[in-house]
Amino acid sequence: MKHIAKKRFGQNFLTDQAIIASLIDAINPQPEEIIVEIGPGLGALTKPLLKIIKHLHVVEIDRDIVSWMQKEYANTAVTIHNVDALKFDFAKLVNNKSGENLRVVGNLPYNISTPILFHLLDNLAHITDMHFMLQKEVVERMVALPSTPAYGRLSVMLQYHLAMEYLIPVPPEAFEPAPKVESAFVGCLPYAAKPYVALDYKLFAKIVLAAFGQRRKTIRNTLKDFLSNEDFAKLNLNSQLRAENLSVKNFVDICNHIHSKL
Ligand code: SAH
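Just so we're aligned: the sequence shown equals residues 0 to 261 in numbering that gives the first Met the number 0.
Structure follows, in structure tokens:
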């Protein structure tokens, strides 16, 4: 179809067939699985997925694309959800009683990638795994280790829940129109048992936010509402460090120390 890519919906359509094949390979879809694709667009991933799996859910915001899809996929097993993925209730696609789980894939609109990731964290109980195409910088932040430049709030909040793997770098030329940035494909696997468990998740999120709010400052400064000198000593934590030096475990320890005093 003739479709003019809409900037406001972050439309960069994948056209490189070799890359598309490598993404499908990495996803490794199985016929019976329940898969939801966010932002199917003109079908770069949708069509190869449909060759393998029996049924696919897609979540697409653009009405023009949706009306094209309704004709294009009229005789196929696609359920089209014409809504904003940020507002979509992913959990409703699975039958919780029978313990069904969902796989999530998508070449995500880059302008809303962080909010979508946080939205999906709220639905993780029902998700087996997720595979996303994102701006390379975002993927680097997702997988970054402490004391490296890309390490930040996104790294800590995602790594708390997910094992992540940087899978495939993708150059701008693989898309039409070509985005201004490099991209990468990332795999995210929710932990069956988290390595470190925060006893109060909201408190954990608050501490991470406060610490990275002013990432150049020491945690003595940014966490002064949470931790006294005595607390730092008990935690065996150097208060001159900055947020970027703390591991997920450090943040969980801080959270659980405060929680134990409440
Ligand atoms: N998967 C396709 C299209 C990627 S472009 C491909 O790889 O070629 C991103 C797609 O996400 C577009 O189809 C765009 O319309 C859609 N999109 C943008 N914002 C969205 C949102 N908030 N919810 C759902 N889909 C969205």
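Even for Gly, the Cβ is constructed at its ideal location relative to N, Cα and C.
Just so we're clear, the structure is a prediction, and the values are computed from it rather than from any experiment.
#### Entry: Distance between L198 and T127 (C-alpha atoms, nearest Å)
23 Å
### Close Cβ partners of R140 (< 8 Å) along its chain, the five nearest in sequence each way excluded
A149, Y150, G151, L153, S154
### Query
Could you give the residue range of the alpha helix (DSSP H) that holds F250?
247 to 260
### Message
Run through the DSSP bridge pairs and tell me what I167 is partnered with.
### Response
F184
### Message
Measuring CB atoms only, is the stretch 231 to 241 touching the stretch 199 to 208, in the sense that at least three cross pairs come out at less than 8 Å?
### Response
no
### Query
Any idea which residues DSSP pairs H60 with across the strands?
Per the sequence presented here, residue 60 reads as Ile, with His not at that position. Partner(s): none; I60 has no beta bridge.
### Query
For N235 versus P145, is the C-beta spacing smaller than 8 Å?
no
### Message
Rounding to the nearest angstrom, what Cα-Cα distance links M68 and P171 in this structure?
### Response
25 Å
#### Entry: DSSP state of F225 mapped onto helix, strand, coil
coil
### Task
Report, in whole angstroms, the separation of the C-beta atoms of L101 and F89, which I expect to be a contact under 8 Å.
6 Å
#### Entry: Selection from H56, F203, K6 that minimises the alpha carbon distance to I253
F203
### Query
Straight-line CA distance for I79 to P168?
29 Å
### Message
If I measure Cβ to Cβ from L188 and keep anything under 7 Å in the same chain, skipping five residues before and after, which residues do I get?
### Response
D128, L161, A162
### Query
From the DSSP output, which residues share a beta bridge with F231?
Note: F231 sits in no beta bridge, so no partner.
### Message
Is any non-hydrogen atom of the ligand SAH found closer than 7 Å to the C-beta of Q10, if you look at the structure I gave you?
### Response
yes
### Task
Could you tell me the distance, in whole angstroms, from the CA atom of K248 to the CA atom of Y195?
6 Å
### Query
For F203, does the three-state DSSP call read helix, strand or coil?
helix
### Rounded separation between T217 and F225 - CA only
13 Å
### Query
Among residues of its own chain, excluding the 5 on either side of A25, which ones have a beta-carbon nearer than 6 Å to its beta-carbon?
L166
#### Entry: Residue closest to K1, alpha-carbon to alpha-carbon, out of A242, S238, E175
E175
### Query
How should T147 be labelled, buried or exposed, when 16 other C-beta atoms within 10 angstroms of its C-beta is the threshold for buried?
exposed
### Query
Which residues bound the beta strand (DSSP E) around V77?
77 to 80
### Message
If you follow the beta strand (DSSP E) that Q134 is in, where does it begin and where does it stop?
### Response
126 to 134
### Query
Among T113, S112, N110, A173, which one has its Cα closest to the Cα of A20?
A173
### Query
Which whole-angstrom value is the C-beta distance of L22 and L44, which I expect to be below 8 Å?
7 Å
#### Entry: Reduced DSSP secondary structure (H/G/I, E/B, other) of R241
strand
### Query
DSSP state of V35, grouped into three classes?
strand
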